[in-house]
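Undergrad: The sequence shown begins at 1000 in this note's numbering and counts up by one. Built from N, CA and C at the ideal position, the CB exists for glycine as well. These numbers come from a predicted model, not from an experiment. Quick one: the structure is below, and I'll ask about it shortly.
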Amino acid sequence: MTTRARVFVMPKTGVLDPQGKAIGHALGTLGFEGIGEVRTGKVIELELAETDPAAAKAAAEAMARKLLANTVIESFRVEIA
1000 MTTRARVFVM PKTGVLDPQG KAIGHALGTL GFEGIGEVRT GKVIELELAE TDPAAAKAAA
1060 EAMARKLLAN TVIESFRVEI A
């Protein structure tokens, strides 16, 4: 049996997000109105060979801290599905 984990990674508040700015600008040029700040991030889905949800979450958090997120400029959260 396996457990699925999702790791959501986003730039920390105050960190510039040029890709988000470009998307916001492009949406405006396409005629979309009322667009405020746009922030981009990533979602990483993991299938873990772990049946205990707490252990799976701890493992995914360790993976995020060590590799999946640059914790200097990015924050992350883990969801177990």
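By Cβ distance below 8 Å, which residues in the same chain neighbour M1000 in space, the five residues on each side in sequence not counted?
TA: Closer than 8 Å at the Cβ level, and outside the excluded window around M1000, lie T1050.
Undergrad: List the endpoints of the continuous alpha helix (DSSP H) containing K1011.
TA: Unbroken run through K1011: none, as it is neither H nor E.
Undergrad: Contact between the segment 1052 to 1063 and the segment 1018 to 1030: three or more CB pairs below 8 Å?
TA: At 8 Å Cβ cutoff, the stretches do not touch.
Undergrad: What whole-angstrom Cβ distance do I1079 and A1004 have, given they're in contact under 8 Å?
TA: Their Cβ separation, rounded to whole angstroms, is 6 Å, which keeps I1079 and A1004 in contact under 8 Å.
Undergrad: Go ahead and label F1031 buried or exposed: buried means 16 or more other beta carbons lie within 10 angstroms of its beta carbon, across all protein chains shown.
TA: Its Cβ having fewer than 16 others within 10 Å, F1031 is exposed.
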